[in-house]
Each structure stands twice: as C-alpha cells, then as structure tokens.
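**Student:** Chains A and B, in that order, give the protein sequences.
Under the numbering used here, the first residue of the first sequence carries the number 877, and numbering increases by one thereafter.
Under the numbering used here, the first residue of the second sequence carries the number 133, and numbering increases by one thereafter.
All residues carry an ideal CB built from backbone N, CA and C; glycine is no exception.
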Amino acid sequence: MKLDDIKKLADLARIDMSESEMNEIAKDFEPILAYVGQVQEAVKLISTNKDGENNKKSEDYSLQNVVRDDVVTNNKGEYTDKIINEVPDTQDGFIKVKQIM
Amino acid sequence: MKINLKELTIEKAHESLKKGEYTVADLVGAYLNVIKEKNTEINAYLEVYDDVFAQAETAQKMFEEGKDTLMTGIPIALKDNMLFEGHIASASSKILENYKATYDSGIVKQLKQEGAVFLGRTNMDEFAMGSSTETSAFGITKNPLDVSRVPGGSSGGPVAAIAMDGALVALGSDTGGSIRQPASFCGLVGLKPTYGIVSRYGIISMGSSLDQVGPFGKNVRDVEILFNAINDYDKNDSTSIKKENRLSSLPLKKKIGVPRSFLSGDGTDPEVTKNFEENCEKLKSAGYEIVDVSLPLIKYSLAVYYIICPAEISSNLARYDGIRYGLNSDEQKLYDVYTKSRGKGFGKEVRRRILLGTYILSHGYYDAYYNTAIKVRDAIKKELDNVFLEVDAIITPTSPFMPFKFGEKLEDPVSMYLSDLFTVPANIAGTPAISIPSGKNKDGMPFGLHIMVSVMREDVLFTIGKDFEKLI
Chain A
877 MKLDDIKKLA DLARIDMSES EMNEIAKDFE PILAYVGQVQ EAVKLISTNK DGENNKKSED
937 YSLQNVVRDD VVTNNKGEYT DKIINEVPDT QDGFIKVKQI M
Chain B
133 MKINLKELTI EKAHESLKKG EYTVADLVGA YLNVIKEKNT EINAYLEVYD DVFAQAETAQ
193 KMFEEGKDTL MTGIPIALKD NMLFEGHIAS ASSKILENYK ATYDSGIVKQ LKQEGAVFLG
253 RTNMDEFAMG SSTETSAFGI TKNPLDVSRV PGGSSGGPVA AIAMDGALVA LGSDTGGSIR
313 QPASFCGLVG LKPTYGIVSR YGIISMGSSL DQVGPFGKNV RDVEILFNAI NDYDKNDSTS
373 IKKENRLSSL PLKKKIGVPR SFLSGDGTDP EVTKNFEENC EKLKSAGYEI VDVSLPLIKY
433 SLAVYYIICP AEISSNLARY DGIRYGLNSD EQKLYDVYTK SRGKGFGKEV RRRILLGTYI
493 LSHGYYDAYY NTAIKVRDAI KKELDNVFLE VDAIITPTSP FMPFKFGEKL EDPVSMYLSD
553 LFTVPANIAG TPAISIPSGK NKDGMPFGLH IMVSVMREDV LFTIGKDFEK LI
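1) Find the residues of chain A that neighbour V546(B), judging by a C-beta separation of less than 8 Å, and give them in chain order.
2) Within the 8 Å Cβ cut-off, does L885(A) reach chain B?
3) Select from D278(B), G288(B), S340(B) the residue whose C-alpha is nearest the C-alpha of G271(B).
4) In the DSSP assignment, find the unbroken beta strand (DSSP E) run with E173(B) in it and report its ends.
5) Residues of chain B with CB closer than 8 Å to the CB of V963(A), please, in chain order.
6) Regarding S237(B) and the ligand NAD, is the C-beta to nearest heavy atom distance less than 7 Å?
7) Once the 5 residues before and after I174(B) are set aside, which same chain residues still bring their CB inside 7 Å of it?
8) Tell whether a beta-carbon distance below 8 Å holds between V352(B) and G597(B).
9) V355(B) and V321(B) look like a contact to me (Cβ under 8 Å); what is the Cβ gap, rounded to whole Å?
10) So, using beta-carbon positions, are A269(B) and K226(B) closer together than 8 Å?
11) Cα separation between E463(B) and I971(A)?
12) Using the Cβ count rule (16 or more neighbours within 10 Å means buried), how would you classify D927(A)?
13) Check for me: the beta strand (DSSP E) holding P578(B) runs from which residue to which?
14) Confirm, please, whether the CB-CB distance from S310(B) to G304(B) is below 8 Å.
15) Going by C-alpha to C-alpha distance, which of A511(B), A525(B), G238(B) sits closest to E421(B)?
16) Taking only three categories from DSSP, how would you classify T326(B)?
17) Are at least three pairs of beta-carbons, each pair with one atom in the segment 401-410 of chain B and one in the segment 443-457 of chain B, less than 8 Å apart?
18) Indicate the three-state DSSP secondary structure (helix, strand or coil) for V973(A) in the structure shown.
19) Are at least three pairs of beta-carbons, each pair with one atom in the segment 584-591 of chain B and one in the segment 429-445 of chain B, less than 8 Å apart?
20) Since S446(B) meets chain A, which of its residues come closer than 8 Å, beta carbon to beta carbon?
21) Against chain D, which members of the segment 473-487 of chain B pass a CB distance test of less than 7 Å?
22) Quick one: which residues of the segment 176-209 of chain B get their C-beta closer than 8 Å to a C-beta of chain A? List them in chain order.
23) Could I get the ranges of all uninterrupted beta strand (DSSP E) runs contained in the segment 384-453 of chain B, with 3 residues as the minimum, in chain order?
24) Considering only DSSP beta bridges, list what G349(B) is partnered with.
25) What's the gap between the Cα of S567(B) and the Cα of G580(B)?
26) Would you kindly work out how many angstroms separate the C-alpha atoms of Q187(B) and Y457(B), rounded to a whole number?
27) Out of K958(A), D946(A), V963(A), E906(A), which one is the CA nearest neighbour of L459(B)?
28) At a cut of 8 Å, does the segment 886-906 of chain A reach the segment 488-507 of chain B through at least three beta carbon pairs?
29) In chain order, what residues of the same chain have a beta carbon less than 8 Å from the beta carbon of S934(A), not counting five sequence neighbours either side?
30) Please compile the residues from chain B whose C-beta is within a distance smaller than 8 Å of the C-beta of K974(A).
31) At what residues does the alpha helix (DSSP H) containing F195(B) begin and finish?
32) Going along the segment 940-951 of chain A in order, which residues come within less than 9 Å of chain B, judged by CB to CB distance?
33) Under 8 Å Cβ-Cβ, which residues of chain A neighbour N213(B)?
34) Let me know if T956(A) comes out buried or exposed under the rule of 16 or more other beta-carbons within 10 Å of its beta-carbon.
35) Should L379(B) be labelled buried (16 or more other beta-carbon atoms within 10 Å of its own) or exposed?
36) What's the C-alpha gap between I142(B) and L202(B)?
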C-alpha cells in the first residue's frame, strides 16, 4: 500500500490524518491483508465439498426484512428537547450545518 | 454491618435483602467504598453514576411492597457502550466524551423493571476495538489480579470492576471475544449469548452482524440469573429473535467435541494447552465423553472476522460526523467539519479499522475480500451445525495465551488480533459461548475454558458450566 492509496481511503472515510500516520497505516495494512487473504484459500475448500454441503440437515437460511408500520408513533416535539440538547450547533430548535453548496 | 463482598452471589444478596439483614443502600454503599479505595489505581470505572442512591431507594421500595425479583437491588456495572438515559455513554472515545444518552437501551429497560442498581459505566477499548482495553481514550484499566497485566478487552472495565469487588455482576459486549477473553483474564465467568437473543437496541454498534451483549459474574449461576433478566424479545432490534422462534431445552448427549487440528497450531502457550488437557480429564470424570471433531474451516474464522468486522465498522462509525451529537470541530467548510471532527475524535486503532473496512468495501476489492468472507462465514456456520448434531458442545481454551503485560502486543496488530482465535468462531456463526475459570498458573493468573454450543442452547452451557465449576 502506498501513501496515495491511504490518502484516498482517508478521504472516503472523511478522516483528517497526518502524512506520518498515513505512512504508518500503509505499513500496518501489509501484515493484516496478508493474514486475511487466507479466505481465498478457504473458499476453495468449500467448492470442493459439494457433497458434504448437501448432506447437512440445517435449516434454510432464508432472510426476511424486519420493518415496522410506516406511521408516526410520537407526539410532535415529544423528543425534540432531549435530542437537540446533544446537538453541537443549533438554532431555534433546528440542527445547524455549514453551507452545503 | 460489614458485608462479605468476596463471597457474595446474587442469591445470597437477595436472601439478605429480603430478610432485612441489610438494605439496598447498605449494599450499594459497600461497593462504592471499594470503588473509592481501588478505582484510582485500577481505573475500571470511568464514572460512578450520581443517582445510585435514588436507584437504591426504588429497589428498596420493591422489597417493601413484595414486588422484588432476584435482580432487585443488585449492583451492576455497565460497559461504556450501553445507553442509560440521561447518563454519559462514550464508548471510551473522545468523539462521544460528553454524549448523554437520549434513551434507555433495551437491556437497561429490562433491568430497570426489576430494580437492579446501575453503579456506573466502565472502561473499554475505544468503540470496542481491542483485546486489552489499552486503546481507551481515557486510560488503561489494570488487571486486579496483577496490576502489571491487562484485564483483557474490549470489556476490561466491567471485569475489573467485579474482580476488584467494585460490582457484583456486570454487562459487556462481545463482537469477537470481548466478553469471554476478559472474563478468562480476570478469573470470571462471561457469556456471549446467541446472536439475536439479547437486544442490541441502545448498544453503540461496532459490527452489527457480530455484536452481542452478555453478562459477567463470579460463577455460572449469577451469569444465568443475569442472562435471564436481559433476554426478552425487543421489537426495537430488528435482529431480535421472537419468542415463538426460541428453542426449549432438550436432553444432553453428554458428548463434548475437541477440534484437535485447530488446537495443534503453535500460537498457543504450552501451559494453556496443559491446563486444557486437564480440563478435558475433569469433564470426563463428570461423566462427559470427549471426542475429536473435524472442523476444517474453523481456523479461517479469524481471517473472516477481520474482513467482515472492519467493513461493518467503517459503515457503523460513519454516523459520527460532528453534526447530530459528539465532538464537533468548528470549521468553515462542511467537508472539514467531518474530517476534522473525526480526525480529532477517533483514536489510532479506530482509524486503522475504519480505513481497513473502507478498503475492503471499495470497488475492485469487494469481491476478493468481503464477498469471499461472507461465503466462508456461511460455510463455517454449516460446518458447526453438522458437528452439533453429534456433540453437545465444542471446547477449546478461551485465549491462546495468558494475560499479557501492558504494551506487549501493541506494536504488531496481528499478534493482538490473534487473542480472538478461539472466541471468534462463535461470533461468525452466531452461536452462544461461555468462558469459565479453570484454575490458575504459578503466578496466580487464571486460565479459562471456552465452551460453545449450538444456537439458543444456553441451557447446555449452564449445565456443563455448573458441572465443571464443581471440579475446579
């Protein structure tokens, strides 16, 4: 991994860091990626086990979305104070942000 | 009256409180005295809550009105990533240093109903990323059994609180071993429940497909009682398992599996291996048959974990942007508000894992890492399902090595990550697992036995655990 690669990731992750830290992280990545790269080896073992896979009696892992009804469940303003109290920058009960454009 | 905290259990405390031998305030006061005496050195607690005696009063009333349960008046330490309305929850990070929870987590709600007393929030690795509590933004926590050693992580604070007699029980969270490994390092019992059995609502997220909340105690029975008090279905957690889908107990086969080839790697301390063999003999004497089981994929669990977890971390920690809560860096441009707030607020290990996750999920690498990891994850689950048709449980040591000294594993990230080698499969597969103290070495440091069972069979963990406990 090169400094430029880390710079791109830091930008994507929106984290401001010094170049020396980014260089350190680039070095750290090497042994970590080498270790987790083992999954390439593991996945090959699965494809050769076709028969073993069909012998299992485990349930079908079908996934479902869990949602609630799309209705308003609170009274207007019920939680506003609690939430606004934690917001760093507010004005008239609104969350204030810097100019977007 | 002097309460013997060392020998105290939930049931003993409950009996004394019911008989009026002491009040809840007396009991809470006894723990607060210990905290005052020991916490400066140990740093288990980041904060003792200011409403502890008000909580004690509520509990005392429940005894007076005959509405008490086993958990009423019981002093509990929370981990710093659990929301308790009106109190700070910071995940031991500067980015949430002054964040006051705006709602109660599901587990706090359940325990409030029983009148448990939350003593305070305890230290952890920042955002639960670590195995030693060394990455906390608010100082290290020392192992009360040997203050030159780590208490384990990321739930180092909760375990140290109990081990120093600063709490009777505690709650922690476990994503890769963060309950079980510190339990082992401090000579306690720690349970990671089945994924979906305990609500994650109000628990600061790390890896959402891996996180679970679980109890710590000095013995299996206390852990069982606390587990029963926090495992209600919660509609606010979309992964919470509904009541009708929960299993009931079945008779035991009295057969326990040991994955011999998984244990034969050379990363494990010889004395840990020796203790494990002794544990196997003890279980045999308790009437269990010990058999060798084949789990060819299980050794890849750690690699799978360090792909899936950072990926989920990078996604979960995107919410800390300095806008709605937490540390805010006042800049001119919005982009700088994000980057500077996060740059100032996140510690080194958090940044490393977020970047790792960002890399893993980015175009060009997504298939090689993330998609491959989830395929292997699914295969590991199926492999374990098959083995659990033959045996009640699978056992290993909890940690490949003994509690290490501060700084020992900070230089090489992979050596720290290897702490989770035996605990991580349970998070990958969503199966419940427990760590039980299994003796001490010549330095007085504890060993731990790790027992894993199939989903929703915590009852098997408690049965085997209680049988094993009698033999130590």
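**Tutor:** Reading from the atomic positions:
1) The answer, in chain order, is P907, I908, Y911.
2) Yes, L885(A) lies at the interface with chain B (some Cβ there is under 8 Å from its Cβ).
3) Ranking D278(B), G288(B), S340(B) by Cα distance to G271(B) puts G288(B) first.
4) Counting along the chain, E173(B) falls outside any beta strand (DSSP E), though it belongs to the alpha helix (DSSP H) covering 156-174.
5) Those within 8 Å of V963(A) in chain B are I455, R456, Y457.
6) With respect to small molecules bound, the structure shown includes none, and the ligand NAD cannot be examined in it.
7) The residues are T273, K274, P276, A292, M296.
8) Yes, these two residues count as a Cβ contact at 8 Å.
9) Yes, they are in contact, since the Cβ atoms of V355(B) and V321(B) sit about 5 Å apart, within 8 Å.
10) Against a cut-off of 8 Å, the Cβ pair of K226(B) and A269(B) comes out as a contact.
11) About 16 Å.
12) Its pLDDT being 48, under 50, D927(A) is placed unreliably in this model, and the coordinates cannot settle the point.
13) It spans 578-585 - the beta strand (DSSP E) in which P578(B) sits, taken as one unbroken run.
14) Their beta carbons are under 8 Å apart, which means G304(B) touches S310(B) by this criterion.
15) Checking every option, the nearest Cα to that of E421(B) belongs to A525(B).
16) Correct three-state label for T326(B): coil.
17) Segments in contact, no.
18) Here DSSP, grouped into helix, strand and coil, assigns V973(A) to coil.
19) With the cut-off at 8 Å, the segment 584-591 of chain B and the segment 429-445 of chain B do not touch.
20) For a Cβ distance threshold of 8 Å, residue set A889 of chain A lies close to S446(B), ordered along the chain.
21) As a matter of chain content, chain D is missing from the structure shown, whose protein chains are A and B.
22) Hits within the stretch: zero.
23) Runs found: 387-390, 421-424.
24) Beta-bridge partners of G349(B) (DSSP): V321(B).
25) Cα to Cα, the separation comes out at about 6 Å.
26) Computed Cα separation, rounded: 27 Å.
27) The residue from K958(A), D946(A), V963(A), E906(A) with its alpha-carbon nearest to that of L459(B) is V963(A).
28) As far as the Cβ criterion goes, the segment 886-906 of chain A touches the segment 488-507 of chain B, which means the pair count is three or higher.
29) Any reading at S934(A) needs caution, since the residue's pLDDT is 43, under 50, leaving its predicted position unreliable; the model's value is listed next. Its chain contains no residue whose beta carbon lies nearer than 8 Å to that of S934(A) once the 5 sequence neighbours on both sides are disregarded.
30) Those within 8 Å of K974(A) in chain B are E463, Q464, K465, L466, V469.
31) Residues 184-196.
32) Contact annotation: in the segment 940-951 of chain A, residues whose CB is within less than 9 Å of a CB in chain B are N941, V942, V943, R944.
33) By Cβ distance, chain A contributes nothing, its closest Cβ being about 16 Å from N213(B), past 8 Å.
34) With fewer than 16 Cβ atoms within 10 Å of its Cβ, T956(A) is classed as exposed.
35) Exposed is the call here.
36) Pairing I142(B) with L202(B), the inter-Cα distance amounts to about 7 Å.
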